[in-house]
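Below is one structure, written out as structure tokens, with a few remarks after it.
Numbering (my numbering), first residue to last: 1237 to 1612.
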């Protein structure tokens, strides 16, 4: 697999990702564990990083070797031509994913690789590059599984759910990649009017607006790991970016509506809409779901209601959601609800009929996207 890029994705989304990447015109897509493989070309690096709504990272392997003991990791890493990727003036960081009987700690494995890199430069120049975990010049990824180690350049840099428009910090919100997954599974198209009655920071709404306007996933993002790749071609990158930017289309009417009871979240979502230029295509208001009256008739309901520590009394939440569907969502016979996987019975006890479910993960929790039909 050394001649292939690895594109990582969330659990249970590999097939969705593979279909998305094929639709972008990438050929020879292979499904793997927690991601897919595609041919190792810079065009694919540019395309997937800029256009994929579902991918987490795009990894470019630079070294693979047998790794039975920690000494193997250090010694083999010393043989890599690090001068092709780093200088002593640049910074780097390492993200490690390790499954190994002698290297069970990913932080320890990352430290071993860091030592090998620094010792390589010290031996040649008596200087070392520095580590910068927040904003490195070079992001590396170390993967060790079944006695094989792979060192890759992370061509994404920051994970791809960071689209470039969301305010960092504050309350945890649904990742943009998960929001895109929900919209893909629910069948959202440019003809729909999406409604999210628990809209939070507006992630689902803005992802929907991006899809409706054919806006590339990375349109608002400025920084990429591939900018420091030794094969980076500025002209080719701008050619690909410009060609896809030209395919954006206007949204002639309202494409999404949302509400949230928290005025701070409503203000944040409106700030995000202003930043992305979607404030006229997406409407957001402050309202609890029990009192929310959509300003126009929604045709598709997709939502990530509060659960876990954010949850109000769950039975009350589901009952309110059911009433909302019956009163205000007559244009669609069903809705899509991201909810804990083990709470399906709770939905049914409150009168909802589960038509389908897709297992996913959210913040380390096992969740499912439930397609539900409201009670009569």
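Every residue gets a Cβ at the ideal spot worked out from N, C-alpha and C, and that includes glycine.
Since the structure is predicted, the reported quantities are computational estimates derived from the model, not experimental observations.
With a threshold of 8 Å on Cβ separation, who are the neighbours of residue 1545 within its own chain once the five nearest residues in sequence on each side are excluded? As a position in the chain shown, residue 1545 is number 309, starting the count at 1. For residue 1545, the predicted structure reports a pLDDT of 46, less than 50, and the residue's modelled location is therefore unreliable. A value from the coordinates is still provided. Excluding its 5 nearest sequence neighbours in each direction, residue 1545 has no C-beta neighbour in its own chain below 8 Å.
Using the beta-carbon count (16 or more within 10 Å), is residue 1581 buried or exposed? Reading the chain shown from its first residue, position 345 is the one you call residue 1581. With fewer than 16 other beta carbons inside 10 angstroms of its own, residue 1581 counts as exposed.
How long is the line joining the alpha carbons of residue 1527 and residue 1552, rounded to whole angstroms? Locating residue 1527 in the chain shown gives position 291, where the first residue counts as 1. Locating residue 1552 in the chain shown gives position 316, where the first residue counts as 1. So the alpha carbons of these two residues sit roughly 14 Å apart.
Looking at the unbroken alpha helix (DSSP H) that takes in residue 1505, where does it start and where does it end? Counting from 1 along the chain shown, the entry for residue 1505 is found at position 269. First-last of the alpha helix (DSSP H) with residue 1505: 1499 to 1512.
Taking the runs of the alpha helix (DSSP H) that are 4 residues or longer, which of them lie wholly in the segment 1549 to 1577? Listed in chain order, the complete alpha helix (DSSP H) runs (minimum 4 residues) inside the segment 1549 to 1577 are 1550 to 1564.
Residues near residue 1308 in its chain [Cβ-Cβ closer than 8 Å; skip 5 each side]: Translated into positions along the chain shown, residue 1308 becomes position 72. Exclusion of the five residues before and after residue 1308 leaves 1301, 1302, 1385 as the residues of its chain whose Cβ lies within less than 8 Å of its Cβ.
Selected residue, minimal CA-CA separation from residue 1607, among 1383, 1498, 1420, 1599: One-based indexing of the chain shown puts residue 1607 at position 371. Comparing Cα positions, the closest option is 1420.
Tell me which residue opens and which closes the alpha helix (DSSP H) that residue 1474 is part of. Reading the chain shown from its first residue, position 238 is the one you call residue 1474. Where residue 1474 is concerned, the enclosing alpha helix (DSSP H) starts and stops at 1470 to 1481.
To the nearest angstrom, how far is it from the Cα of residue 1277 to the Cα of residue 1241? The count along the chain shown starts at 1 and reaches residue 1277 at position 41. The count along the chain shown starts at 1 and reaches residue 1241 at position 5. In this structure, the straight-line span from the alpha carbon of residue 1277 to that of residue 1241 is close to 8 Å.
Residue 1338: which of 1331, 1538, 1348 sits nearest, CA to CA? Within the chain shown, residue 1338 is the residue found at index 102, counting from 1. The candidate whose alpha carbon is nearest that of residue 1338 is 1348.
Could you tell me which residues DSSP puts in a beta bridge with residue 1610? To locate residue 1610, count along the chain shown from 1; it is residue 374. DSSP lists no partner for residue 1610.
Using the beta-carbon count (16 or more within 10 Å), is residue 1460 buried or exposed? By one-based count along the chain shown, residue 1460 stands at place 224. Residue 1460 sits buried, since 16 or more C-beta atoms from the chains shown fall within 10 Å of its C-beta.
Please go through the same chain and pick out, in chain order, the residues whose beta-carbon is closer than 8 Å to the beta-carbon of residue 1513, but skip the five residues on each side of it. Locating residue 1513 in the chain shown gives position 277, where the first residue counts as 1. Nothing meets the Cβ criterion.
Secondary structure of residue 1288, DSSP reduced to three states: The residue labelled residue 1288 in the question sits at position 52 within the chain shown. Coil at residue 1288, not helix or strand.
By the DSSP assignment, the beta strand (DSSP E) with residue 1271 in it spans what residues? Locating residue 1271 in the chain shown gives position 35, counting from the first residue. Counting along the chain, the beta strand (DSSP E) containing residue 1271 begins and ends at 1271 to 1275.
Nearest candidate by alpha-carbon position, reference residue 1280, set 1252, 1387, 1392, 1457: Within the chain shown, numbered from 1, the residue matching residue 1280 stands at position 44. Among 1252, 1387, 1392, 1457, the Cα nearest to that of residue 1280 is on 1392.
Bridge partners of residue 1597, per DSSP? If you number the chain shown from 1, residue 1597 lands on position 361. Bridge partners of residue 1597: 1602.
Identity of the residues DSSP links to residue 1268 by a beta bridge: Here residue 1268 corresponds to residue number 32 of the chain shown, with the count starting at 1. Beta-bridge annotation (DSSP): residue 1268 is paired with 1271.
Contact check, residue 1539 vs residue 1432, beta carbons under 8 Å: Mapped onto the chain shown, residue 1539 falls at position 303. Mapped onto the chain shown, residue 1432 falls at position 196. Yes, the Cβ-Cβ distance between residue 1539 and residue 1432 is below 8 Å.
Tell me the DSSP bridge mates of residue 1521? Indexing the chain shown from 1 puts residue 1521 at position 285. 1495.
Can we say the segment 1281 to 1292 touches the segment 1459 to 1477, given the rule of at least three CB pairs closer than 8 Å? Between the segment 1281 to 1292 and the segment 1459 to 1477, the count of C-beta pairs closer than 8 Å reaches three or more; the two stretches touch.
Which stretch, first to last residue, makes up the alpha helix (DSSP H) that contains residue 1415? Locating residue 1415 in the chain shown gives position 179, counting from the first residue. Element bounds for residue 1415: 1412 to 1422.
Buried or exposed by the 16-neighbour rule on C-beta atoms within 10 Å, applied to residue 1381: Reading the chain shown from its first residue, position 145 is the one you call residue 1381. Residue 1381 is exposed by the Cβ-count criterion.
Presumed contact (8 Å Cβ cut-off) between residue 1396 and residue 1376, rounded CB distance: Taking the chain shown and counting its residues from 1, the one referred to as residue 1396 is at position 160. Taking the chain shown and counting its residues from 1, the one referred to as residue 1376 is at position 140. Wrong, their Cβ atoms sit about 17 Å apart, outside the cutoff.
Under the rule that 16 or more other beta-carbon atoms within 10 Å means buried, what is residue 1516, buried or exposed? Taking the first residue of the chain shown as 1, we reach residue 1516 at position 280. With fewer than 16 other Cβ atoms inside 10 Å of its own Cβ, residue 1516 counts as exposed.
Run the CB neighbour count on residue 1289, radius 10 Å, all protein chains shown included, and call it buried at 16 or more, exposed below. Here residue 1289 refers to the residue found at position 53 when the chain shown is read from its first residue. When all chains shown are included, residue 1289 counts as buried.
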